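Asks: In order, the protein sequences belong to chains A and B. Going by this note's numbering, 139 is the number at position 139 of the first sequence; the sequence numbering is gapless. Position in the second sequence (first residue = 1) + 1000 = this note's numbering. Backbone N, C-alpha and C define an ideal beta-carbon position, used for all residues, glycine too. Predicted model, so just to flag it, every value in this text is computed and none were measured.
There are 2 protein chains.
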Amino acid sequence: MPPKDPSSLSLGPLSGVMGYHIAQAAVTTFGTFERHVGKPFGLRKVEFSLLMLLLANGPLPPKRLALTLTLTGPNLTLLLDRLQERGLVNRERNPADGRSQNIVLTEKGRRIAQDTAAAAVPMESELLDRLSRAEHAMLIELLCKLAGRRTPL
Amino acid sequence: MPPKDPSSLSLGPLSGVMGYHIAQAAVTTFGTFERHVGKPFGLRKVEFSLLMLLLANGPLPPKRLALTLTLTGPNLTLLLDRLQERGLVNRERNPADGRSQNIVLTEKGRRIAQDTAAAAVPMESELLDRLSRAEHAMLIELLCKLAGRRTPL
DNA sequence: TATTGTTATACTCTATAACTATA
DNA sequence: TATAGTTATAGAGTATAACAATA
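1. Is G37 (chain A) near M138 (chain A), with beta carbons less than 8 Å apart?
2. Give the residues of chain A in contact with H1036 (chain B), contact being defined as C-beta atoms less than 9 Å apart.
3. I need the DSSP call for R110 (chain A), collapsed to helix, strand or coil.
4. Of all the residues that make up the segment 1060-1075 of chain B, which are near chain A by a beta-carbon distance shorter than 8 Å?
5. Find the nearest neighbour of T1032 (chain B) within the set A:P59, A:A66, A:Y20 and A:R91, judged by alpha-carbon distance.
6. Taking the continuous alpha helix (DSSP H) assigned at E85 (chain A), which residues delimit it?
7. Run down chain B in chain order and give the residues with a C-beta less than 9 Å from the C-beta of K45 (chain A).
8. Cα-Cα, which of B:R1093, B:T1028, B:V1089 and B:L1079 is closest to A1113 (chain B)?
9. Which residues does DSSP pair with L1060 (chain B) in a beta bridge?
10. Residues in its own chain within less than 8 Å of L55 (chain A) by CB, not counting five upstream and five downstream?
11. Could you tell me whether any non-hydrogen atom of the ligand GDP is closer than 7 Å to the CB of H1136 (chain B)?
12. So is R150 (chain A) buried or exposed if we call it buried at 16+ other beta carbons inside 10 Å?
13. Let me know the secondary structure DSSP gives T151 (chain A) once reduced to three states.
14. Check whether the segment 119-136 of chain A touches the segment 35-50 of chain A, counting contact only when three or more Cβ pairs, one atom from each stretch, lie closer than 8 Å.
15. Roughly how many angstroms separate the alpha carbons of M1052 (chain B) and V1017 (chain B), rounded to a whole number?
16. Please report the residue range of the beta strand (DSSP E) in which V27 (chain A) lies.
17. With 7 Å as the C-beta to C-beta threshold (strictly closer), list the residues of the segment 112-131 of chain A near chain B in chain order.
18. Between which two residues does the beta strand (DSSP E) containing N1090 (chain B) stretch?
19. Is P1061 (chain B) closer than 8 Å to N1102 (chain B) when the C-beta atoms are compared?
20. Quick one: is I103 (chain A) near chain B, going by C-beta distance under 8 Å?
21. Below 8 Å on C-beta distance, what does L11 (chain A) contact in chain B?
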């Protein structure tokens, strides 16, 4: 339970509602992302995430990207259109199955992926003003359990 | 359809990025909210939160609601328009200062606030499939630290 | 007939600028 | 001049239905 502060409102039943606290915490992390990655590199959150997945896994079909990022097909198409127009990714057709593609990082895309991965380090460090390193790790572990995934590799 | 490989993709640099894990966990809590409160009562997340704040604190000026819920003024106006049109809240002018208002729950609004507060209990219980009670409490505590809102009056 | 990806579209969410009315 | 709230509007974000090409 959060400490009482007479200048702030009582959360009432909201105090035990996980979704509310996640939404509030997201305000902090989104702001931090914007300052460290979003504005400097002109990337949205989902674009950054997509570049990180390609950097870590190599070329991937849109289907797997959509599943991992919880995007619908049409929205991923538009996202890839933008990234391709910026010269960060390319669509490659699969010669074995004409329906499917592989999304590959261009050289420019790889550079920006590596640069933003580096920028994410001080981004996380900024959160350590509020959380100890152990708390940061514990929070990620609990969020993974809530999301229904195993602790990340 | 056979279950797809659950081990899925490597998150790479994303594995230590708090914002990513918060976004993923939000998928879970949002789905749970929709099933327990959103669809049954026809309320959006922010509408539910607003009703909870009014239930716990009594009449409040829009300014304080906007600050607590991280809403801009114009968006709160539209939100209050909808709730007022449904007969859940009323705007009361402050006789001492004609500029300011108080938002008050109607009797119908109080009933739905109490009913949704009750529905939030099984909603949180559903999360206990994934988190122990202690983990649930710990997660909320850590999220509060991360949100770190020194309430700006 | 099923699957991959696209087009078209619409609705929600959030943000900014300019306005009204009180003080 | 400053504050509380509103109007108008625009941009992201996300969802569904219908479609094309391939298997």
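Replies: Working from what's here:
1. Taking the first sequence and counting its residues from 1, the one referred to as residue 37 (chain A) is at position 37. Taking the first sequence and counting its residues from 1, the one referred to as residue 138 (chain A) is at position 138. Per the sequence shown, residue 37 (chain A) should be read as Val rather than Gly. It is not a contact, given that the beta carbons lie outside the stated cut-off.
2. By 1-based counting over the second sequence, the position of residue 1036 (chain B) is 36. The premise fails here: H1036 (chain B) is roughly 10 Å from chain A at the closest Cβ pair, so nothing lies under 9 Å.
3. Position 110 of the first sequence, counting from 1, holds the residue named residue 110 (chain A). Helix, per DSSP.
4. Close to chain A, meaning a Cβ-Cβ distance shorter than 8 Å, are the following residues of the segment 1060-1075 of chain B: L1060, R1064, T1068 and T1070.
5. Residue 1032 (chain B) sits at position 32 when you count from the first residue of the second sequence. The option with the nearest alpha carbon to T1032 (chain B) is A:Y20.
6. Locating residue 85 (chain A) in the first sequence gives position 85, counting from the first residue. Where E85 (chain A) is concerned, the enclosing alpha helix (DSSP H) starts and stops at G73 to E85.
7. Here the question's residue 45 (chain A) lines up with position 45 in the first sequence. The answer, in chain order, is G1019, Y1020 and A1023.
8. Indexing the second sequence from 1 puts residue 1113 (chain B) at position 113. In terms of CA proximity to A1113 (chain B), B:V1089 leads the group B:R1093, B:T1028, B:V1089 and B:L1079.
9. Position 60 of the second sequence holds residue 1060 (chain B). Residue pairing from DSSP places L1060 (chain B) in a beta bridge opposite B:I1103.
10. Within the first sequence, the letter at position 55 stands for residue 55 (chain A). Cβ neighbours of L55 (chain A) beyond the five flanking positions: L105, R110, A113, Q114 and A117.
11. As presented, the structure is devoid of all ligands, the ligand GDP included, so that no description of it is given.
12. Here residue 150 (chain A) is taken as the residue at index 150 of the first sequence, counted from 1. Below a pLDDT of 50, predicted positions are generally treated as unreliable, and R150 (chain A), at 42, falls in that range; no measurement from the model is reported.
13. Mapped onto the first sequence, residue 151 (chain A) falls at position 151. Caution is warranted here: a pLDDT of 38 is assigned to T151 (chain A), below 50, making its placement in the model unreliable, and no coordinate value can be reported.
14. Cβ pair count under 8 Å is three or more, so yes.
15. In the second sequence, the residue the question calls residue 1052 (chain B) occupies position 52. In the second sequence, the residue the question calls residue 1017 (chain B) occupies position 17. Their Cα atoms are separated by approximately 31 Å.
16. Position 27 of the first sequence holds residue 27 (chain A). No beta strand (DSSP E) contains V27 (chain A), which is instead part of the alpha helix (DSSP H) from M18 to F33.
17. Across the segment 112-131 of chain A, CB contacts with chain B closer than 7 Å involve A117, A120, E124, L127, R130 and L131, in sequence order along the chain.
18. The sequence position of residue 1090 (chain B) within the second sequence is 90, counting from 1. That run of the beta strand (DSSP E) goes V1089 to R1093.
19. One-based indexing of the second sequence puts residue 1102 (chain B) at position 102. One-based indexing of the second sequence puts residue 1061 (chain B) at position 61. Cβ distance < 8 Å, so N1102 (chain B) and P1061 (chain B) count as in contact.
20. By 1-based counting over the first sequence, the position of residue 103 (chain A) is 103. Chain B, which has no Cβ nearer than 8 Å to the Cβ of I103 (chain A), makes this no.
21. Within the first sequence, the letter at position 11 stands for residue 11 (chain A). Here the neighbours are M1052, L1053 and A1056.
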